[in-house]
Structure formats: structure tokens, C-alpha cells
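The structure appears below as C-alpha cells.
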Amino acid sequence: MKILSPLLNYFATTGKMKSVGAIEGEFSKTIVLPITNVTPSQVLYFRPDNELSDSIIRSVECVISSNLSNVFFNGTPFDNLSDTQAAGGIFVLSNSRREILATLPLYSLIRSINQGKASFSCFKDIIWESCYIYFPSPVSTADTYAVTLRVYFDKKI
Amino acid sequence: MNNLIIKRSQIVEARLAGSLAVGNRYYFQDIPNLSRNNIIVYGIEAFIDAQLAVAPSGNTVVGASTGILVTLRDNQKQEFMYEVPYYTLIRANNAGLIVMMKPRIINLTDCYVSLTSTTGLTLNEVVAFNLYYDLI
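As you go down the protein sequences, you meet chains V and U in turn. Residue numbering for the first sequence follows this note's numbering, beginning at 16 and increasing consecutively. Residue numbering for the second sequence follows this note's numbering, beginning at 5 and increasing consecutively.
Have a look at this one:
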């Protein structure tokens with residue numbers, strides 16, 4: 016304990032760790048990104064979202080078809096990816112200097128596969144429209160698929 | 005119970021190049037984004053193809069995890085995380101928890117994986133990790 020306690024204290028006070036049962040963020044929203052005719056490594060940027068760009072992203076969750084079968088985007092229904100399809104995708108976050116902050120495989124962001132554990136984050140300086148998803152491998156999807164993310168965030172004061 | 009908060013992350017790879025044999029070492033490939041001395045790594049997560057089919061380099065990710073050991077070296081060449089089973093670092097296998105470590109400046113290209121078994125592994129596949137780091 017003599018060794019562990021100062022280390023745990025360090026992780027907690029520097030914002031590198033928190034309880035798995037903690038609130039992810041004060042606000043949350045669902046983001047849908049249709050992936051029509053995607054080719055390997057094609058970059059799919061998100062649409063601008065000033066609310067997210069002015070927020071601290073506290074957690075991101077990837078919603079798969081076994082959690083929610085389909086979603087609507089501009090009034091059109093899209094199927095969510097399966098866990099196997101999600102294993103082909105990578106979510107990249109970048110900041111206002113176009114610096115890549117994080118590269119996160121979509122599979123890691125699926126909550127139900129990780130025994131309900133959220134992927135906590137602390138991204139303070141992101142520009143949402145500079146963030147993107149890409150699939151390094153060919154993804155076998157029809158035109159009717161979309162990536163659905165649940166984004167938990169706190170607004171900057 | 006606590007879990008890691010991601011501040012910054014980068015996918016890194018070690019390619020099973022040359023020949024595939026028990027005891028061989030396969031070193032991590034350089035990532036310019038991480039080649040700075042003001043970076044401390046405080047968490048690591050590993051993947052097999054079920055979690056990440058193809059790595060950013062375009063190489064297929066390994067399909068088996070039970071014959072791989074991971075060693076991380078810091079900038080003093082100290083093997084501070086020596087021969088950790090790859091399986092242990094896979095989040096989905098371990099209740100969704102990410103393995104955390106005492107923050108260190110690591111020497112990425114000195115870190116390596118070694119094999120205790122080649123079963124289920126193929127030449128030129130990559131062993132893929134996500135390193136969680138912060139700026140000093």
C-alpha cells in the first residue's frame with residue numbers, strides 16, 4: 016500500500032483515472048455518421064458541431080447493432096454496425112492545431128463488450144469537424160450502414 | 005474500482021517480420037508522433053483481429069494472443085514491464101479495464117514482443133497496441 020497509494024493519488028489528481036461507476040459527463044448526445052460506399056482508409060469526417068468543439072469530451076461509446084439495430088440520419092434509417100464490422104474501424108480525434116490527440120479502435124469503445132465499462136477521456140481542445148473515422152480494411156457494408164457514437168461531454172465554463 | 009482516462013493515445017505496432025520462431029524478438033515500429041521526450045505513457049491496451057482487424061499500417065493484426073509476451077523499455081533502457089502476457093493487455097478479456105502503469109518516458113523502438121508459441125500466428129502480421137500517454 017505504501018507504494019500504491021501515492022501512485023493512485025497521482026493518477027486521480029492528474030486526471031488519469033476515475034471510478035468505473037463515475038458519471039461520464041454532464042451532457043451527452045448521439046452522433047450518426049453514414050458510411051456509404053466506404054473504401055479502405057477513406058477518411059470520413061464528422062459534420063461540424065460547435066457544441067462538441069466547445070466542450071470537454073469525457074467519454075465516447077460506439078453503439079452496435081446488438082445494442083440498437085438502427086438509427087435515423089436526416090430522416091433516413093441506417094443500420095448500425097455489428098461488432099465484427101466495428102472491429103475494422105478507427106476513430107481519430109484531433110485538436111485545433113490539427114494535431115492527432117487519440118486514435119481509438121471502435122471496438123474498444125463498445126460498452127457492452129467491455130462489461131459495461133465506459134471509455135473515459137479528457138479531450139479539451141478538439142475540433143469536432145477535424146475528427147474522423149476510417150477503416151484500414153475493406154468493410155463489408157451496404158449503403159444503409161452508419162457509425163453511431165454516444166458522446167458524453169462537459170461544457171467549458 | 006478505477007479505470008483509465010484517455011488524454012492522448014496512439015496505435016503502435018510490432019510486425020512479425022523475418023522469421024516466425026519461439027524466442028524471437030519483434031521490435032515496435034517508430035511513430036514520429038511519439039518520438040519526443042516530453043511524453044509519459046501511463047496505460048496500454050492490446051488488440052487481436054477480433055478487436056482491430058487491420059492496423060493503420062494496413063497489416064493484419066494477429067489472431068491469437070496466448071503465445072505473445074510484451075516488454076516495455078524506458079529511456080534508461082530499463083525493462084520496467086518485462087514479459088507481460090499479451091492476453092492480459094486486451095481490454096475485452098479483462099472486464100473492460102485498461103492496464104495502467106507508473107508513468108514513464110519510454111523508448112518506443114526498444115520495446116518488443118517475443119513469442120512463446122507460434123500457433124495461430126502468421127508472418128508479417130502485426131501485434132497492435134494503443135498507448136495512452138500525456139505530455140509532461
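We put the CB at the ideal spot given by N, CA and C, even for glycine. Just so we're clear, the structure is a prediction, and the values are computed from it rather than from any experiment.
Ordered along the chain, which non-local residues of its own chain (more than five positions away) have a Cβ less than 7 Å from that of residue i?
| i | result |
| --- | --- |
| V/ASN110 | LEU116, ASP140, ILE141 and ILE142 |
| V/THR118 | ILE105 and VAL107 |
| U/VAL88 | LEU73 and VAL74 |
| V/MET32 | PHE26 |
| U/GLY67 | ILE52, ASP53 and GLY124 |
| V/ALA133 | GLU39, SER74, GLU76 and ARG126 |
| V/VAL35 | LYS132 |
| U/ASP78 | PHE84, ARG108, ILE109, ILE110 and ASN111 |
| U/MET104 | LEU8, TYR46 and GLY47 |
| U/ARG29 | TYR116 and SER118 |
| V/SER88 | With the sequence shown as reference, residue 88 of chain V is identified as Phe, and Ser is not the correct amino acid for it. VAL47, PRO49 and ALA161. |
Given a cut-off of 8 Å on the beta-carbon distance, is the pair residue i and residue j in contact?
| i | j | result |
| --- | --- | --- |
| V/PHE168 | V/ARG73 | yes |
| V/PRO151 | V/PRO55 | yes |
| U/ILE15 | U/ASN134 | yes |
| V/PRO153 | U/GLN55 | no |
| U/GLY47 | U/LEU20 | no |
| U/VAL65 | U/VAL130 | yes |
| V/PHE179 | V/TYR149 | In the structure as shown, chain V starts at 16 and stops at 172, and residue 179 of chain V therefore has no counterpart that could be examined. |
| U/ARG95 | V/SER123 | yes |
| U/SER121 | U/VAL58 | no |
| V/THR254 | V/THR163 | The question about residue 254 of chain V has no answer here: the residues shown for chain V are numbered 16 through 172. |
| U/TYR91 | U/THR70 | yes |
| U/LEU93 | U/GLU49 | yes |
Residues of chain U with CB closer than 7 Å to the CB of residue i, please, in chain order.
| i | result |
| --- | --- |
| V/CYS146 | Chain U residues near V/CYS146: none, gap ~13 Å exceeds 7 Å. |
| V/ALA53 | In the sequence on display, residue 53 of chain V carries Val and not Ala. Residues of chain U passing the Cβ test: none, with the nearest at roughly 13 Å. |
| V/PRO49 | The contacting residues do not exist; V/PRO49 stays about 21 Å from chain U at best. |
| V/SER152 | ALA57 and VAL58 |
| V/ILE128 | ALA96 |
I want to verify the contact list: residues of chain V whose CB lies under 8 Å from the CB of residue i, in sequence order.
| i | result |
| --- | --- |
| U/TYR46 | PHE26 and LYS31 |
| U/ASN37 | ILE115 |
| U/ASP138 | THR29 and LYS31 |
Cβ closer than 9 Å: which chain V residues qualify as neighbours of residue i?
| i | result |
| --- | --- |
| U/ASN41 | Under the 9 Å cutoff, chain V gives no residues; its nearest Cβ is about 17 Å from U/ASN41. |
Kindly list, in the order they appear in chain V, the residues whose Cβ is closer than 7 Å to that of residue i.
| i | result |
| --- | --- |
| U/SER13 | ALA117, THR118 and LEU119 |
| U/LYS106 | LEU22 |
| U/ASN6 | MET32, LYS33, SER34 and VAL35 |
Here's the rule I'm using: 16 or more other beta-carbon atoms within 10 Å means buried, otherwise exposed. How should residue i be labelled?
| i | result |
| --- | --- |
| V/GLY104 | buried |
| U/LEU127 | exposed |
| U/GLU17 | buried |
| V/ILE172 | exposed |
| V/GLN130 | exposed |
| V/GLU114 | exposed |
| U/ALA132 | buried |
| U/ALA99 | exposed |
Taking residue i as the query, report the chain U residues whose CB atoms sit under 8 Å from its CB, ordered along the chain.
| i | result |
| --- | --- |
| V/TYR122 | PHE51, ALA54, GLN55, LEU56 and ALA96 |
| V/GLY131 | GLY100 |
| V/SER136 | ILE9, ILE10 and LYS11 |
| V/SER68 | Correct list: empty, because the minimum Cβ distance to chain U is about 18 Å. |
| V/ILE46 | What V/ILE46 touches in chain U: nothing, since even the nearest Cβ is about 18 Å away. |
If the cut is a Cβ gap below 9 Å, which residues of chain U does residue i touch?
| i | result |
| --- | --- |
| V/GLY40 | What V/GLY40 touches in chain U: nothing, since even the nearest Cβ is about 12 Å away. |
| V/GLY103 | LEU56, ALA57 and VAL58 |
To which residues of the same chain is residue i closer than 8 Å at the C-beta, ignoring the five residues directly before and after it?
| i | result |
| --- | --- |
| V/SER97 | ILE79, SER80 and SER81 |
| U/MET5 | LEU101 |
| U/ASN41 | ASN79 and ILE109 |
| V/ASN53 | The sequence given here places Val at residue 53 of chain V; Asn does not occur at that position. If we look at V/VAL53 and ignore the five residues flanking it on each side, its Cβ neighbours are LEU59, PHE150, VAL154 and THR156. |
Can you give me the Cβ contacts of residue i inside the same chain, cut-off strictly under 6 Å, excluding the 5 residues immediately before and after it?
| i | result |
| --- | --- |
| U/LYS11 | ASP138 |
| V/SER68 | ILE142 and TRP143 |
| V/PHE176 | The shown model of chain V, from 16 to 172, leaves out residue 176 of chain V, and the question about it has no answer. |
Step through the CB atoms of chain B and report whether any lies within less than 8 Å of the CB of residue i.
| i | result |
| --- | --- |
| U/GLY62 | Of the protein chains in this structure, namely V and U, none is chain B. |
Every unbroken beta strand (DSSP E) inside the region 65-109 of chain U [3 residues or more]: Fully enclosed beta strand (DSSP E) runs of 3 or longer: 72-76, 85-89 and 103-108.
Beta strand (DSSP E) runs contained entirely in the region 77-116 of chain V, provided each spans 3 or more residues: Counting whole runs of 3 or more residues, the region 77-116 of chain V contains the beta strand (DSSP E) stretches 85-88, 91-95 and 105-109.
Every unbroken alpha helix (DSSP H) inside the region 20-83 of chain V [4 residues or more]: Those alpha helix (DSSP H) runs which fall completely within the region 20-83 of chain V and span 4+ residues are 65-68.
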